[in-house]
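So the structure is just underneath, and the comments pick up after that.
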Amino acid sequence: MKRSPPVTEQALLARVNDLAAKTINQIANDLNMFVPESLLKAKGWMGELIETALGANAGNTAQPDFVELGIELKTLPIDRFGKPLESTYVTVVPLLDRQQFSWEKSEVYGKLKRVLWVPIISERHMSVGERQVANPFIWSPDHHDMQILKTDWHEIMDMVALGQVEKLNGRFGTYLHVRPKAANSRCLTNAYAEDGSIMQTLPRGFYLRSDFTRKILSDVFR
DNA sequence: CATTGATCATGG
DNA sequence: CCATGATCAATG
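Residue numbers (my numbering): 210 to 431.
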């Protein structure tokens, strides 16, 4: 039932290339998985399907999906022209980290340093099963993009450390921005207040803007 | 119509 | 609650 993880990057590429051009129905049928009518009540389903198909093994730990390879898997919904339809979730924002202030040790860096992108043509009018895998590829940020990601991360984490998490909103950040990441708007978690005490606030996540993922695709396929 | 803010499912 | 997987949907 569960597939073992690929041992090499080459093996992972071979597996994911087998998915290229397949419909979601084909992939799910091969795995004996049921395809939901809608993703409204199954928002993570696409990602879980591709994880299963490829043998990802990180579970819900805060590590890249293919732990030994250090590669993060991201499905990316695109329209028929290859334009991303959504932002891409990266990881939760650590609200109580005043120490571990190193970009290279951050979970954002750990996940974005090497990513297997699996674009899926997922226009809303298409049924889930008819949606189709496009051209997957493994990517790392170039130096320029890495600097921008690092700067975004530092600016956001500085605000968190200064107790300004509630001043953060989706307008901050060039590539990486911060949005709510919770079951609903009543969820609360601890964070620093501006006076250094502990306050309660809505949990947040780091997301990649779709402008940036659009650029990634155009850099690769130009 | 793009973007920001809100929400859904699951496992530990 | 916190982490994973994201998409939905109100708003400007």
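The beta carbon of each residue, even a glycine, is placed where N, CA and C say it ideally should be. The structure presented is a predicted model; accordingly, all values stated were derived computationally and were not measured.
Could you have a look at residue i and say whether DSSP puts it in helix, strand or coil?
i, result
"R431", "coil"
"V317", "helix"
"E281", "strand"
"T422", "helix"
"T270", "coil"
"T360", "helix"
"V244", "coil"
Provide the residue(s) that pair with residue i in DSSP beta bridges, ordered along the chain.
i, result
"W312", "For W312, which the question treats as bridged, DSSP gives no partner whatsoever."
"R413", "P389"
"I329", "P286, V342"
"A400", "M408"
"F275", "I280"
Exposed or buried, residue i, counting other C-beta atoms within 10 Å across all chains shown (16 or more means buried)?
i, result
"F275", "buried"
"T297", "buried"
"I407", "exposed"
"E260", "buried"
"K250", "exposed"
"S427", "exposed"
Please report the distance separating the alpha-carbon of residue i from that of residue j.
i, j, result
"D288", "K424", "15 angstroms"
"T398", "R431", "43 angstroms"
| Inter-stretch contact (C-beta, 8 angstroms, three-pair minimum) for the stretch 265-285 and the stretch 385-400 | No: the two stretches stay apart, fewer than three of their Cβ pairs being nearer than 8 angstroms.
| request: For the stretch 407-419 and the stretch 336-353, state whether three or more C-beta atom pairs, one from each stretch, are separated by less than 8 angstroms. | output: Too few Cβ pairs lie closer than 8 angstroms, so no.
| message | Does the structure place the stretch 355-366 close enough to the stretch 247-266 that three or more beta carbon pairs sit under 8 angstroms? | response | Cβ pair count under 8 angstroms is below three, so no.
| query | Counting pairs of beta carbons, one from the stretch 223-241 and one from the stretch 328-343, are three or more of them closer than 8 angstroms? | reply | Contact check between the stretch 223-241 and the stretch 328-343: three or more CB pairs, one atom from each, fall below 8 angstroms, which counts as touching.
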